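Here's the structure we're looking at; comments come further down.
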Amino acid sequence: MIRPFLAVLLRDLRLAGRIGGSGALSLVFFLMIVVLVPFALGPDLNLLSRIGPAILWLAAVLATLIGLDRLFQADEEDGSLDLLTGAPVPLELVVLAKALAHWLTTGLPLALAAPLFGLLVALTPSAMAATSLTLLVGTPALTFIGAVGAALTASIRRGGLILAVVVLPLMIPTLIFGVSAADSATGGTVPFATPLGILGALSLVAGVVGTLGAAAALRWSE
40 MIRPFLAVLL RDLRLAGRIG GSGALSLVFF LMIVVLVPFA LGPDLNLLSR
90 IGPAILWLAA VLATLIGLDR LFQADEEDGS LDLLTGAPVP LELVVLAKAL
140 AHWLTTGLPL ALAAPLFGLL VALTPSAMAA TSLTLLVGTP ALTFIGAVGA
190 ALTASIRRGG LILAVVVLPL MIPTLIFGVS AADSATGGTV PFATPLGILG
240 ALSLVAGVVG TLGAAAALRW SE
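Start counting at 1 in the sequence shown, then tack on 39, and there's your number in our numbering.
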């Protein structure tokens, strides 16, 4: 089971690197939101510092949607999805590999770039580190939740808007606890470990439920 999993994972990583993929677009979109919001709010550094984690998390949620509709749709269009579903390998393993590849090219770069972008919203070093850690723990939940929507819309051309409508409400709990964890690290009343632990639990639950749900949606669409 390990070899097919690694084969699908490496295939998607190579495709993302060869054609540019959604990772670079997500980073650019992430940067655009973080740059534009301070212009809209004005030069109040105290306000920017207070809502900075929320800005970064909201930007990460929206940036995750970039290219998410192509997670299964590209394979559906060229026929490789039929080969993957018909292979003597559990479809859940294929979904897990593709979702992990999407996170490695989208969610992980966003989490690693968060400290740099935190400078644009006047975050303190401790707030930058906390926000980056929460994104590292929480963005897998966004990817696996999005994988279910991507599987449901795999056979729909230009289903990006439908995908966003389906998955954005489901991403709200992750957004809430991500911002709460980042805020608690900078003087909140709740210990930092509490919302961070809940955020990690959300990612684990989303990993299991999202993998099973996406695989079931792909089987249903056949």
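Glycine included, each C-beta is placed from N, C-alpha and C at the ideal position.
If you're wondering where the values come from, they're calculated on a predicted model, not measured in any experiment.
task: Indicate the three-state DSSP secondary structure (helix, strand or coil) for Thr178 in the structure shown.
output: Numbered from its first residue, the sequence shown carries residue 178 at position 139. Residue state, collapsed to three classes: helix.
message: Quick check on Glu115: buried or exposed, where buried means 16 or more other Cβ atoms within 10 Å of its Cβ?
response: Residue mapping note: residue 115 aligns to position 76 of the sequence shown, counting from 1. Looking at its Cβ environment, which holds 16 or more other Cβ atoms inside 10 Å, Glu115 is buried.
- request: For my contact list, Ala153 and Leu174 are in at a C-beta cut-off of 8 Å; report their separation, rounded to the angstrom.
  value: Within the sequence shown, the letter at position 114 stands for residue 153. Within the sequence shown, the letter at position 135 stands for residue 174. Ala153 to Leu174, Cβ: 5 Å. Contact.
field: 8 Å contact criterion, which Thr182 and Ala253 should meet: CB distance rounded
entry: Looking up residue 182 in the sequence shown gives position 143. Looking up residue 253 in the sequence shown gives position 214. With 8 Å as the limit, Thr182 and Ala253 do not qualify as a contact, their Cβ atoms being about 11 Å apart.
query: If you draw a straight line from the C-alpha of Met71 to the C-alpha of Arg109, how long is it?
result: Taking the first residue of the sequence shown as 1, we reach residue 71 at position 32. Taking the first residue of the sequence shown as 1, we reach residue 109 at position 70. Between Met71 and Arg109, the C-alpha separation is close to 22 Å.
- prompt: Could you give the distance in angstroms between the alpha-carbon of Gly188 and the alpha-carbon of Gly236?
  reply: As a first step, residue 188 is located in the sequence shown; it is residue number 149 there, counting from the start. As a first step, residue 236 is located in the sequence shown; it is residue number 197 there, counting from the start. So the two alpha carbons sit approximately 25 Å from each other.
field: Under the three-state DSSP convention, the category Val196 falls into
entry: As a working note, residue 196 is residue 157 in the sequence shown. Looking at the sequence shown, residue 196 is not Val but Arg. It is coil, neither helix nor strand.
query: Between Leu52 and the rest of its own chain, which residues show a CB-CB distance below 8 Å, the 5 nearest in sequence each way excluded?
result: As a first step, residue 52 is located in the sequence shown; it is residue number 13 there, counting from the start. Around Leu52: Ala140, Leu143, Thr144.
- prompt: Among Gly185, Gly199, Leu132, Ser171, which residue has its Cα nearest to the Cα of Ala220?
  reply: Translated into the one-based positions of the sequence shown, residue 220 becomes position 181. Selected option, being the one with the closest Cα: Ser171.
task: Please go through the same chain and pick out, in chain order, the residues whose beta-carbon is closer than 8 Å to the beta-carbon of Gly91, but skip the five residues on each side of it.
output: For this step, residue 91 is matched to residue 52 along the sequence shown. Correct list, in chain order: Gly157, Val160, Ala161, Leu162, Ala166, Thr170.
query: Between the beta-carbon of Val205 and the beta-carbon of Leu191, is there less than 8 Å?
result: Start at 1 with the first residue of the sequence shown, and residue 205 comes out as number 166. Start at 1 with the first residue of the sequence shown, and residue 191 comes out as number 152. A contact, by the Cβ cut-off of 8 Å.
- prompt: Can you check whether the CB of Phe69 is closer than 8 Å to the CB of Ala98?
  reply: Taking the first residue of the sequence shown as 1, we reach residue 98 at position 59. Taking the first residue of the sequence shown as 1, we reach residue 69 at position 30. Their beta carbons are under 8 Å apart, which means Ala98 touches Phe69 by this criterion.
message: Between the alpha carbons of Asn85 and Ala224, how many angstroms are there, rounded?
response: Here the question's residue 85 lines up with position 46 in the sequence shown. Here the question's residue 224 lines up with position 185 in the sequence shown. Approximately 17 Å, taken between the alpha carbons.
message: Among the candidates Gly217, Gly118, Phe216, Ile184, whose CA atom is the shortest distance from the CA of Leu202?
response: Within the sequence shown, residue 202 is the residue found at index 163, counting from 1. Ranking Gly217, Gly118, Phe216, Ile184 by Cα distance to Leu202 puts Ile184 first.
task: Go ahead and pull the three-state DSSP assignment for Asp83.
output: For the purposes of this step, residue 83 is taken as residue 44 along the sequence shown, with counting starting at 1. In the structure shown, Asp83 sits in coil (DSSP, three-state: anything other than H, G, I, E or B).
message: In whole angstroms, give me the CA-to-CA distance for Val73 and Gly125.
response: Counting from 1 along the sequence shown, the entry for residue 73 is found at position 34. Counting from 1 along the sequence shown, the entry for residue 125 is found at position 86. Distance between the alpha carbons of Val73 and Gly125: 43 Å.
query: What residue from Gly118, Thr103, Val134, Leu200 has the CA that sits closest to Thr250's CA?
result: What you label residue 250 is simply residue 211 of the sequence shown in a count that begins at 1. Selected option, being the one with the closest Cα: Val134.
- request: May I ask you to report which of helix, strand or coil DSSP gives Ala161?
  value: Position 122 of the sequence shown holds residue 161. Coil, per DSSP.
- request: Use the C-beta contact count for Met210: other C-beta atoms within 10 angstroms, 16 or more gives buried, fewer gives exposed.
  value: The residue you call residue 210 lines up with position 171 of the sequence shown. Buried: at least 16 other Cβ atoms inside 10 Å.
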